[in-house]
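Beneath this line is the structure, given in structure tokens, with notes to follow.
Residue numbers (our numbering): 7 to 140.
Printed below as a string of structure tokens:
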């Protein structure tokens with residue numbers, strides 16, 4: 007049965023303290039990708055290129071939400087961006103399954119303000135290493 011995404015959360019852990027990042031509207035997918043190494047030889051069968059899997063890359067996770075200057079999680083993201091530190095993050099789905107990874111905050115922005123608008127924020131987390139799905 008499909009799982010609804012409402013109730014999905016993301017948190018980061020610093021100094022043994024887990025901090026929830028609140029006021030989110032979206033957490034992007036976590037997408038595994040890898041390099042393709044061309045191992046074609048002059049006698050490859052049928053004249054086709056032959057490839058092997060190269061280095062794996064878990065990519066980036068984009069967070070989008072509403073700016074909240076009192077949010078401990080959003081403050082943590084800004085602090086992590088300033089320090090460049092890579093820390094553990096955990097995305098927890100409503101059924102309590104989770105994806106855990108280590109990342110640094112690659113970018114952070116506070117959105118534009120407009121009439122009848124809401125100030126937003128975005129952050130991009132760059133995953134370093136692999137992920138664990140539990």
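In this text, a Cβ means the ideal position worked out from N, Cα and C, and glycines have one as well.
Have a look at residue 17 and residue 45 and give me their C-alpha separation to the nearest angstrom. 41 Å
Answer yes or no: do residue 40 and residue 69 have a C-beta to C-beta separation smaller than 8 Å? no
Specify, as a first and last residue, the run of the alpha helix (DSSP H) that residue 81 falls within. 78-89
Just to confirm the assignment, what range does the beta strand (DSSP E) spanning residue 94 have? 93-98
What residue range is occupied by the uninterrupted beta strand (DSSP E) comprising residue 13? Element bounds for residue 13: n/a, residue is neither H nor E.
Whole angstroms is fine: what's the gap from residue 8's alpha carbon to residue 50's? 43 Å
Count the other CB atoms, across all protein chains shown, that sit within 10 Å of the CB of residue 90; report buried if there are 16 or more and exposed otherwise. exposed
Among residues of its own chain, excluding the 5 on either side of residue 96, which ones have a beta-carbon nearer than 6 Å to its beta-carbon? 17, 104 and 106
In whole angstroms, what is the alpha-carbon distance linking residue 83 and residue 74? 12 Å
To the nearest angstrom, how far is it from the Cα of residue 65 to the Cα of residue 37? 6 Å
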